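Just so we're aligned, residue 225 is where the sequence shown starts under the numbering used here, counting upward by one.
Everything on this sheet refers to the single structure shown next.
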Amino acid sequence: MHLNLYELLLPTFKWPKEKTIRVFETFAGIGAQAKGFENLQINHEVTGISEIDKDAILAYAAIHCDLNRIMQSYSFPEKEEMVAYLQKLDVGYDFKNQRHTITEKTGIDKVKRYYLANVLSKNYGNISKIHMSDLPEIDFLTYSFPCQDLSRAGAMRGMDKESHTRSGLLWEIERILEEGYAMNRLPKILMMENVPEVIGTRNLKNFRKWYAKLEELGYQSYYKILDASDFGVPQHRERCFMISIYGAYHYDFPMPVPLTISLQDVMENKADKSDFISHKDMLKMISVHDETMKLPDCYVPQNIEHQRFNFMKCINGKNIHGKRVSQTNRIFDSRGISATLTCGYTGYYLVDSSQYPDEDIGDRARIGDQLVRRLTVKEAYRLMGFTDEDVEKVISAGVSRHQMYRQAGNSIVVNVLMAIFNQLF
Numbered sequence: 225m226h227l228n229l230y231e232l233l234l235p236t237f238k239w240p241k242e243k244t245i246r247v248f249e250t251f252a253g254i255g256a257q258a259k260g261f262e263n264l265q266i267n268h269e270v271t272g273i274s275e276i277d278k279d280a281i282l283a284y285a286a287i288h289c290d291l292n293r294i295m296q297s298y299s300f301p302e303k304e305e306m307v308a309y310l311q312k313l314d315v316g317y318d319f320k321n322q323r324h325t326i327t328e329k330t331g332i333d334k335v336k337r338y339y340l341a342n343v344l345s346k347n348y349g350n351i352s353k354i355h356m357s358d359l360p361e362i363d364f365l366t367y368s369f370p371c372q373d374l375s376r377a378g379a380m381r382g383m384d385k386e387s388h389t390r391s392g393l394l395w396e397i398e399r400i401l402e403e404g405y406a407m408n409r410l411p412k413i414l415m416m417e418n419v420p421e422v423i424g425t426r427n428l429k430n431f432r433k434w435y436a437k438l439e440e441l442g443y444q445s446y447y448k449i450l451d452a453s454d455f456g457v458p459q460h461r462e463r464c465f466m467i468s469i470y471g472a473y474h475y476d477f478p479m480p481v482p483l484t485i486s487l488q489d490v491m492e493n494k495a496d497k498s499d500f501i502s503h504k505d506m507l508k509m510i511s512v513h514d515e516t517m518k519l520p521d522c523y524v525p526q527n528i529e530h531q532r533f534n535f536m537k538c539i540n541g542k543n544i545h546g547k548r549v550s551q552t553n554r555i556f557d558s559r560g561i562s563a564t565l566t567c568g569y570t571g572y573y574l575v576d577s578s579q580y581p582d583e584d585i586g587d588r589a590r591i592g593d594q595l596v597r598r599l600t601v602k603e604a605y606r607l608m609g610f611t612d613e614d615v616e617k618v619i620s621a622g623v624s625r626h627q628m629y630r631q632a633g634n635s636i637v638v639n640v641l642m643a644i645f646n647q648l649f
């Protein structure tokens, strides 16, 4: 982030505490922004969301809208009407195969659950079909648009206009804001969140176009890459945030705070056997391949005690041929912090075998007195700033374990949002 004298002379923006802030979450996911407002007890109202992932909407409504309780007594319309409502919003639409996944053939219990989740969350559905004239009053608009075509882990197809990539959905926000400008209904504050590559070399030209458009509309924008490990969470997760304020105001991003916990502190003492890797898989992942399962040479545990918490210690940096181990096969020490959670990936971590009874682990691979496992769903949600109670609500809503891993990886760390909101509100 670059500051000039003009920016330093601007008044610092602060939202009036007594005034309710009306929030609209586009690309809402499971509602990390809403969670941040709830945790801080900021006077707010979520006036609507935009989301088409049917399981993310279920999770959102379970966490924020009391879905599970209301399901028991809600008076539902006919199935045909509910299916039509969901299809109009494109909820669950399969864009790859150009088909709806919620149809008349879908079980009535699922249709009811999806229908009520969308009603309770005030979902407006497909962002490309939304117009400002359709929307309620908005003070704070969030847009964490898809990162798949920007990130190194994805296709890197970019976010050009008319590119029809998922990351190109950013320009739907431009369209909606231009409509708002014409109607004199622009939100007071905008917040973008995405992977650091959004301001990387391949995407910088488009980002600058977006920044200039916001300036043209009357927004003063500030952006910075923040790491979750600098805000109390033992996860290395760098994300680019941009705050845009309508009018001539200054904004300071929050300062980092020392991390006082490691990944071990958020890990459970119980995990499914399926979370631990097998002896066969271990042989593929470590650099020393012998029957004693010795630790790779690069693993020096005594050094860990003298380092800060917020580091990742990869114990199998290279394979037997001297090449770097792929990201999805790296093993980290749980006394450090976790790797970045992504869609379906949590990383693999060394844990103390004494915590787990032999009958629970069986023939799972061991490295000395250590076991290697991935994170549990509960741990993944914890690393994103959600509570165990949130996890139980989402499970009760019928969301699968696989989908919950995806949701965690696609979400935003609530603790980082809370730090940003504290600076604004």
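Just so you know, even glycine gets a beta-carbon here, dropped at the ideal spot from N, CA and C.
Bear in mind the structure is a predicted one, so any value in this text is a computation, not a measurement.
Asked: Nearest residue (CA-CA) to D279, options G316, T244, T330 and H268; Found: G316
Asked: Selected residue, minimal CA-CA separation from R630, among L428, K602, F645 and S620; Found: K602
Asked: Selected residue, minimal CA-CA separation from H626, among T600, L648 and F649; Found: T600
Asked: Beta-carbon proximity of A252 to E275, cut-off 7 Å; Found: yes
Asked: As assigned by DSSP and simplified to three states, the class of L607; Found: coil
Asked: Among D333, I619, I485 and K448, the one whose alpha carbon lies nearest that of Y475; Found: K448
Asked: Element boundaries [beta strand (DSSP E), containing F645]; Found: Not the beta strand (DSSP E): F645 falls in the alpha helix (DSSP H), residues V638 to L648.
Asked: Cβ pair A563, M506 closer than 7 Å; Found: no
Asked: Cβ separation of P482 and I561, assumed to be a contact under 8 Å, to the nearest whole Å; Found: With 8 Å as the limit, P482 and I561 do not qualify as a contact, their Cβ atoms being about 13 Å apart.
Asked: For N418: DSSP bridge partner residues; Found: C464
Asked: CB contact flag (M295, M356, <7 Å); Found: no
Asked: Residue span of the alpha helix (DSSP H) that contains G349, given as start and end; Found: It is not in any alpha helix (DSSP H) - G349 carries neither H nor E in the DSSP assignment.
Asked: Residue of Q311, E242, E421 and I644 minimising C-alpha distance to F455; Found: I644
Asked: C-alpha distance - A604 paired with V615, whole-angstrom precision; Found: 10 Å
Asked: Three-state secondary structure (DSSP) of H513; Found: Annotation note: pLDDT 40 at H513 (below 50); position unreliable, coordinate value reported separately. Residue state, collapsed to three classes: coil.
Asked: Cβ contact (3+ pairs, closer than 8 Å) linking the stretch 492 to 506 and the stretch 460 to 467; Found: no
Asked: Inter-residue Cα distance where the pair is I469 and Y348; Found: 24 Å
Asked: Start and end residues, alpha helix (DSSP H) containing I254; Found: First-last for I254: undefined, no H or E at that position.
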